[in-house]
Amino acid sequence: MSIEKIAEVAHEANRAYCYTLDDNSQVGWNIAPGWQRTSAINGVKFHIDNPDANCSASHENWLKEKYAEGWKYGKTKDIEKKEHPCCVPYDELPIEQRVKDALFVGVVRAMKKLL
Numbered sequence: 001m002s003i004e005k006i007a008e009v010a011h012e013a014n015r016a017y018c019y020t021l022d023d024n025s026q027v028g029w030n031i032a033p034g035w036q037r038t039s040a041i042n043g044v045k046f047h048i049d050n051p052d053a054n055c056s057a058s059h060e061n062w063l064k065e066k067y068a069e070g071w072k073y074g075k076t077k078d079i080e081k082k083e084h085p086c087c088v089p090y091d092e093l094p095i096e097q098r099v100k101d102a103l104f105v106g107v108v109r110a111m112k113k114l115l
């Protein structure tokens, strides 16, 4: 087991969840852009280094990374403009996005035992 494999499983779990919400915009891990895979890997590393971090901390870590890369809030996700509707504090996220954070954290916590 590797950090990259944990990131892949977390990504695919989130992609499957998005599919249940009629959001088919997420692509599979093997064809996901490098920046998206790197973001997932960084999220896994964050939770390995911070085992008690909750979903809010996970989102804040993601948000910090996005802001450092020049992303900002936008009503819809636009990769070219670096705009994302989740560039808001955790408590302002819609419940569906908070569930995605919880899925990510749950997958990492379960799978890190296999490292």
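Residues in the sequence shown are numbered consecutively from 1, following UniProt numbering. Heads up, the beta-carbon is just placed ideally off N, CA and C, and yes, glycines get one too. Values in this document were obtained by computation on a predicted structure and should not be read as measured data.
Please go through the region 12-80 and give each complete alpha helix (DSSP H) segment of 4 or more residues, from N-terminal end onward. 34-49, 55-68
Here's a check: name, in chain order, each residue in its chain whose Cβ is nearer than 7 Å to the Cβ of Phe104, leaving out the five neighbours to either side. Indexing the sequence shown from 1 puts residue 104 at position 104. Cβ neighbours of Phe104 beyond the five flanking positions: Ala10, Asn14, Gly43, Ser58.
To the nearest angstrom, report how far apart Cys87 and Gln36 are at their CA atoms. Your numbering for residue 87 matches position 87 in the sequence shown. Your numbering for residue 36 matches position 36 in the sequence shown. C-alpha separation (whole angstroms): 15 Å.
With a Cβ-Cβ cutoff of 7 Å, do Gly70 and Lys82 count as a contact? The residue you call residue 70 lines up with position 70 of the sequence shown. The residue you call residue 82 lines up with position 82 of the sequence shown. For Gly70 and Lys82, yes; Cβs fall inside 7 Å.
Which residues in the same chain have their Cβ closer than 6 Å to the Cβ of Tyr90, if we skip the five residues on either side of it in sequence? Sequence index remark: in the sequence shown, residue 90 carries index 90 (1-based). Result list for Tyr90: Ser56, His59, in chain order.
Which value, in whole angstroms, describes the spacing of the CA atoms of Glu12 and Leu114? Reading the sequence shown from its first residue, position 12 is the one you call residue 12. Reading the sequence shown from its first residue, position 114 is the one you call residue 114. Distance between the alpha carbons of Glu12 and Leu114 is about 18 Å.
Between Glu8, Met111, Lys75, Asp23, which lies nearest to Ile31 when the distance is taken from Cα to Cα? Taking the first residue of the sequence shown as position 1, residue 31 is located at position 31. It is Glu8.
Completely contained alpha helix (DSSP H) runs for the region 80-112, where each covers 4 or more residues: 95-111
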